[in-house]
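Numbering (this note's numbering), first residue to last: 18 to 317.
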């Protein structure tokens, strides 16, 4: 029976060995990224990786560079077919290049991005005043807008992936960001009953190995807040605490992209696991006091 796997995990260099382990078992790999005209030339090594990367704004440059090397290897050594599938981000990329909306889809994407931008602006305005309560409210507003964006993005992606599944043979590996859990039920509705997808939490084993936790994956307070909105959970006072903890979590989280090493194979994961557990113990008052003190110390 054909196996279709939705592999959930962050886009980080420490993930690549885990990704390769599962990708190489499949005939088809669906990447979570907008289509790029030079992609297949890069796969065939007709275009150098650095030249390929110079052609478009890729996030997580250390990850992407190494991911391209992995994709080339799997393509040449194992004959795996690769597809870049993310209609929402393809449309968003066109809009970010300064093009006006040219279709109903692009107009909907523009509306979605505009909503998120406005919510983010409200957050920055609140942050400029140092009003913690206002920042919490703005964080909750952004989570609502981001949840709508993610749901729309994964709805489009599930439809496009269903087309790939229909037109190909063999097992399928579907790359997905760890917060994109909604892709699973959406894709289930799009493909035949005999080809139901399974969810693979790529970090489940490392979390167990390095922390003895039984978590399938780690989620920050902000992730939990956004997922509650994505899955239509009713808002509650707990959301306010999640937003407050999220502000502390983000303020402490390292911003640089780290590389794994034999001594520290999961630098991002271990840091985030520690912070996830630490902020879970904070009350709203704790968060407000800690955040205010942290910002006062960092001010010139």
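Even for Gly, the Cβ is constructed at its ideal location relative to N, Cα and C.
Note that the structure is predicted; figures quoted are calculated from it, not measured.
Contact belief for residue i with residue j at Cβ below 8 Å, rounded distance in angstroms
i, j, result
"residue 108", "residue 123", "5 Å"
"residue 100", "residue 181", "5 Å"
"residue 33", "residue 87", "6 Å"
"residue 270", "residue 259", "That belief does not hold up - the Cβ atoms of residue 270 and residue 259 are roughly 16 Å apart, past 8 Å."
"residue 238", "residue 296", "6 Å"
"residue 27", "residue 195", "5 Å"
"residue 205", "residue 218", "Between residue 218 and residue 205 the Cβ distance is about 17 Å, and since that is not below 8 Å, they are no contact."
"residue 227", "residue 311", "With 8 Å as the limit, residue 227 and residue 311 do not qualify as a contact, their Cβ atoms being about 27 Å apart."
"residue 29", "residue 77", "7 Å"
Proximity winner among the options, relative to residue i (alpha-carbon distances)
i, options, result
"residue 79", "72, 89, 35, 31", "31"
"residue 66", "77, 57, 85, 48", "85"
"residue 164", "53, 271, 59, 249", "249"
"residue 93", "209, 44, 200", "44"
"residue 72", "230, 61, 63, 56", "56"
"residue 104", "175, 229, 203", "175"
"residue 262", "114, 293, 102, 275", "293"
"residue 132", "169, 147, 260, 115", "169"
"residue 166", "70, 246, 218, 275", "246"
"residue 273", "210, 280, 284, 279", "284"
"residue 201", "229, 186, 171", "171"
"residue 54", "70, 234, 141", "70"
"residue 300", "264, 275, 291", "264"
"residue 236", "50, 198, 229", "198"
"residue 208", "51, 183, 148", "183"
"residue 268", "308, 313, 288", "308"
"residue 18", "186, 232, 117, 38", "186"
"residue 63", "239, 52, 89", "89"
"residue 177", "255, 51, 140", "51"
"residue 127", "221, 135, 141, 112", "112"
"residue 220", "282, 252, 204", "282"
"residue 83", "314, 275, 289", "275"
"residue 139", "224, 251, 162", "162"
Residue interval of the beta strand (DSSP E) (run including residue i)
i, result
"residue 215", "215–218"
For residue i, the three-state DSSP class (helix, strand or coil)
i, result
"residue 60", "helix"
"residue 173", "helix"
"residue 159", "helix"
"residue 191", "strand"
"residue 101", "strand"
"residue 12", "One cannot answer for residue 12 here, as it falls past the ends of the chain, which runs 18 to 317."
"residue 48", "strand"
"residue 43", "coil"
"residue 18", "coil"
"residue 294", "helix"
"residue 283", "coil"
"residue 300", "coil"
"residue 221", "helix"
"residue 29", "coil"
"residue 310", "helix"
"residue 112", "helix"
"residue 180", "helix"
"residue 210", "helix"
Residue i, enclosing alpha helix (DSSP H) - first and last residue
i, result
"residue 22", "Run containing residue 22: none in the alpha helix (DSSP H); it sits in the beta strand (DSSP E), 21–25."
"residue 88", "78–95"
"residue 6", "Only positions 18 to 317 of the chain appear in this structure, which leaves residue 6 out of reach."
"residue 242", "238–247"
"residue 121", "121–146"
"residue 66", "66–71"
"residue 201", "200–205"
Check: residue i C-beta below 7 Å from any heavy atom of the ligand FAD
i, result
"residue 139", "Although the ligand FAD was asked about, the structure shown includes no ligands whatsoever."
The segment 201–214 contacting the segment 19–26, beta-carbon criterion three pairs below 8 Å: yes
If we count Cβ pairs, one from each stretch, closer than 8 Å, do we get three or more for the segment 143–159 versus the segment 186–194? no
Is the segment 93–103 touching the segment 34–50 in the sense that three or more CB pairs, one from each, lie closer than 8 Å? Contact holds: three or more Cβ-Cβ distances are below 8 Å.
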